[in-house]
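This report concerns only the one structure given below.
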Amino acid sequence: MGLRFGFVPTLVVSSPAAAELVLKTHDLIFASRPGSQVSKHVCYGQRNLVFGPYGPYWRDMRKLCTLELLSNLRISQFQAMRRGELGILVSSLKRAAKNGETVDLSARISGLSGDMNCLMIFGKKYADSDLDERGFKDVITELMEIGAKFNLADYFPYIGVLDLQGMNRRMKELSRIFDGFLEKIIDEHVQNKKAGKNEGTEDFVDTMMSIMESGEAGFEFDRRNVKAMLLRSAKPPNDTLGDLAGPAKQHLQAGRMSDPRRSSDA
């Protein structure tokens, strides 16, 4: 069934046969996401992997990201870092247990994931205040909320300039926050390289900047592309590790209840 939301043609897939046509037979036609205000203002004009239209550019960017960030070699290079960060977490939990302190396990594990992500991508950890006074999580949450909301300007482009819902203003403010943070990171890496301070394992920013300066990407690749990739890579993976802490705690509590010895210890 075909519908039209404003100026956007929409296809309702309501049967297995139609789903096969869309997802298998003609999947390349439907692979691209439609343009939106959030992809325009925050994601550098659809230059990242999430909103980028399917085609040669998207395939090249995916290949670049896979080879330089997710390859077995790259993951093995950061094995010592991951082991060290995990050791820091375990030591802090031991100290908290010894002192009888209450621990938010979900927050600790989410923090571990964020620290590892920062070290792999940026080469060092960043405090919440380095991005914005609200902190990483709150700013990212606001971005996700805005991206998920119904925006009239996505369906009636000509009213985008009016910003009737105030969403474009919020998107531009978020774009300013992220862009300033990423520019700061890139400038730090450029200055460190000039000063000969780049030592140890090369992080993702170093790799992206080297590719940009050498021109070996084989397609348009400038600072906007680098920042678009960094923004997507730095986004927390929906706190997956933190979410796993909930069932783990429930399992431990169930174990204490079923074992009188553990129950008394609790």
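Heads up: the sequence shown is residues 819 to 1084, going by my numbering. Yeah, the Cβ is synthetic: ideal placement off N, Cα and C, and Gly gets one too.
*Could you tell me how far apart the beta carbons of Leu867 and Arg880 are, in whole angstroms, since I believe they sit closer than 8 Å?*
The sequence position of residue 867 within the sequence shown is 49, counting from 1. The sequence position of residue 880 within the sequence shown is 62, counting from 1. Confirmed, Cβ separation roughly 6 Å.
_Own chain, CB closer than 7 Å to Tyr872, minus 5 neighbours either side, in chain order_ = As a position in the sequence shown, residue 872 is number 54, starting the count at 1. Here the set comprises Leu846, Ala849 and Ser850.
*Taking Glu1001 as the reference, give the member of Leu1049, Lys1015, Ala1035 and Gln983 with the closest Cα.*
Position 183 of the sequence shown, counting from 1, holds the residue named residue 1001. The shortest Cα separation from Glu1001 among Leu1049, Lys1015, Ala1035 and Gln983 belongs to Leu1049.
*Can you name the start and end residues of the alpha helix (DSSP H) that Thr1087 belongs to?*
The structure shown does not extend to residue 1087, since the chain spans only 819 to 1084, so no value can be given for it.
*Do Phe1022 and Tyr875 have their CB atoms nearer than 8 Å?*
Position 204 of the sequence shown, counted from the start, is the residue given in the question as residue 1022. Position 57 of the sequence shown, counted from the start, is the residue given in the question as residue 875. No; because the gap between Cβ atoms is not below 8 Å, this pair is not in contact.
_Paired residues, beta bridge with Gly820 - DSSP_ = For the purposes of this step, residue 820 is taken as residue 2 along the sequence shown, with counting starting at 1. Answer by DSSP bridge pairing, in chain order: Leu829.
_Distance check for Met1026 and Ser910, CA to CA, integer angstroms please._
On the sequence shown, residue 910 is found 92 positions in, with the first residue counted as 1. On the sequence shown, residue 1026 is found 208 positions in, with the first residue counted as 1. Approximately 34 Å, taken between the alpha carbons.
*How would you call Arg1042, buried or exposed, if buried means at least 16 neighbouring beta carbons within 10 angstroms?*
As a first step, residue 1042 must be located in the sequence shown, where it is residue number 224. An exposed status is given to Arg1042, since fewer than 16 other beta-carbon atoms sit within 10 Å of its beta-carbon.
*Roughly how many angstroms separate the alpha carbons of Thr828 and Glu838, rounded to a whole number?*
Taking the sequence shown and counting its residues from 1, the one referred to as residue 828 is at position 10. Taking the sequence shown and counting its residues from 1, the one referred to as residue 838 is at position 20. One C-alpha to the other measures close to 17 Å.
*Residues near Gly824 by beta carbon distance below 6 Å, same chain, minus five either side*: Locating residue 824 in the sequence shown gives position 6, counting from the first residue. If we look at Gly824 and ignore the five residues flanking it on each side, its Cβ neighbours are Tyr973 and Phe974.
*Within the chosen definition, does the region 998-1012 reach the region 892-911 through at least 3 CB pairs nearer than 8 Å?*
no
_Taking a contact to mean a Cβ-Cβ separation below 8 Å, would you say Ile964 touches Met938 in this structure?_
Residue 964 sits at position 146 when you count from the first residue of the sequence shown. Residue 938 sits at position 120 when you count from the first residue of the sequence shown. It is not a contact, given that the beta carbons lie outside the stated cut-off.
_Can you check which of these residues, Val921, Leu982, Ile995 and Ile977, is closest to Arg952 by C-alpha distance?_
The residue you call residue 952 lines up with position 134 of the sequence shown. It is Ile995 whose Cα lies nearest to the Cα of Arg952.
_Nearest by alpha-carbon distance to Ala859: which of Asn917, Phe1039 and Glu991 is it?_
Looking up residue 859 in the sequence shown gives position 41. In the sequence on display, residue 859 carries His and not Ala. When only C-alpha atoms are compared, the closest one is Glu991.
*asked:* Could you tell me which whole alpha helix (DSSP H) segments of length 4 or greater appear in the region 926-994?
replied: Correct list: 954-966 and 970-973.
*Is Ile847 helix, strand or coil when you go by DSSP?*
By one-based count along the sequence shown, residue 847 stands at place 29. In the structure shown, Ile847 sits in coil (DSSP, three-state: anything other than H, G, I, E or B).
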